[in-house]
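Going letter by letter, the sequence shown gives residues 1 to 230 in the working numbering. The C-beta atom is built at its ideal place from N, Cα and C for all residues, glycine as well. Remarks on the structure that follows.
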Amino acid sequence: RPEFYQLLPFFCQFVGNETGQEVSQTCLKALCYLSVCITPPSSINYVLEMIWKVAQSSSWKAKMSILEFCQTFVFTNFMSLCLHGNLVQKIEELVIGMMQDETLQVRQKATKILSGLIHSQFIDLEGQARLIKEFRAKIRRKMQKKSNSKFKKASKNLANLSKAELATFHSGILGLCAIVEAYPYDVPEMVPDILIELEKHLHDPLPVPKTIKDCFQEFKRTQQDNKKIA
């Protein structure tokens, strides 16, 4: 029932509480139980509202907790969600929004969830094409297109970004990486183009280069594993 999900903000608030380990573990266990419940269709919108509410928290630990909950909740109730475009859109907007969080750990966790949503086709090919355009727009906004010094100019511009602006830029990089990592067993036509695009940003300020290198390494590893199996 919806009443149970009203407790989500309280559970997320106390998970990871260093001064009360027992309370933290109890809240974590409660979140785990709730996340694997088959939720009635009449309650799903309310659950998404509560997830969004916690996502607005100032605590990055609470955000990490609700992302963990959201990931399991979505795949537990996959069929109840994926057949309704409005629910898919809500979840997509929630995850994309948290990929722009100022805390790096939150951005990274949201990216892993997005990759899973793409891999499972929760977000269909049309939606993926739209997201690719959005992510590319975020990382091209600050690029300079002049002479041979364009990469230096781009890096200089990025260095002058505020923390929030850099998080938004980084979310574009993370989004493209999420799409690459969503296809560990094959290489769709769009993936090589994305890899070429990402390579152009290897000299941008941290944490962009590390994100890209990790993506390249994961792509190389999965493709090598596939060749061994073949």
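Element boundaries [alpha helix (DSSP H), containing residue i]
i           : result
residue 161 : Taken as a continuous stretch (DSSP letters only), residue 161 belongs to no alpha helix (DSSP H), as it is neither H nor E.
residue 192 : 190-199
residue 84  : Looking at the DSSP string, residue 84 is not in any alpha helix (DSSP H), and its letter there is neither H nor E.
residue 115 : 104-119
residue 19  : That residue, residue 19, is in no alpha helix (DSSP H); it is neither H nor E in DSSP.
residue 76  : 60-76
residue 5   : 2-5
residue 54  : 41-55
residue 205 : Note, residue 205: premise wrong, no alpha helix (DSSP H); not H, not E.
residue 122 : Here residue 122 belongs to no alpha helix (DSSP H), and DSSP marks it neither H nor E.
residue 100 : No alpha helix (DSSP H) holds residue 100; DSSP gives it neither H nor E.
Proximity below 8 Å, CB of residue i to CB of residue j
i           : j           : result
residue 115 : residue 73  : no
residue 171 : residue 100 : yes
residue 177 : residue 202 : no
residue 91  : residue 81  : yes
residue 94  : residue 52  : yes
residue 248 : residue 64  : Examination of residue 248 is not possible in this model, given that the chain is present from 1 through 230 alone.
residue 31  : residue 15  : yes
residue 113 : residue 48  : no
residue 222 : residue 192 : no
Of the residues the options, the one placed nearest residue i, counting alpha carbons only
i           : options            : result
residue 12  : 127, 56, 182, 209  : 56
residue 86  : 123, 68, 65, 71    : 123
residue 204 : 160, 182, 190      : 160
residue 165 : 76, 60, 138        : 138
residue 33  : 60, 70, 61         : 70
residue 174 : 183, 185, 214, 193 : 214
residue 121 : 78, 23, 109, 193   : 78
residue 37  : 15, 59, 4          : 4
residue 102 : 130, 169, 67       : 169
residue 186 : 45, 119, 89        : 119
residue 9   : 208, 128, 88, 28   : 28
residue 136 : 88, 222, 196, 163  : 196
residue 194 : 206, 140, 7        : 140
residue 98  : 75, 76, 62         : 62
residue 219 : 58, 200, 182, 210  : 182
residue 40  : 26, 76, 217        : 76
residue 45  : 212, 88, 26, 23    : 88
residue 96  : 21, 217, 167       : 167
Buried versus exposed, by CB contacts within 10 Å (16 or more), residue i
i           : result
residue 146 : Its pLDDT being 42, under 50, residue 146 is placed unreliably by the model, and the measurement read from it follows with that caveat. The residue in question, residue 146, is exposed, as its Cβ has fewer than 16 Cβ neighbours within 10 Å.
residue 50  : buried
residue 230 : Reliability of the predicted coordinates at residue 230 is poor, the pLDDT of 49 falling under 50, and no value is obtained from them.
residue 180 : buried
residue 105 : exposed
residue 1   : exposed
residue 117 : buried
residue 107 : buried
residue 129 : exposed
residue 234 : The requested residue 234 is not part of the displayed model; the chain covers only 1 to 230.
residue 19  : exposed
residue 125 : exposed
residue 206 : exposed
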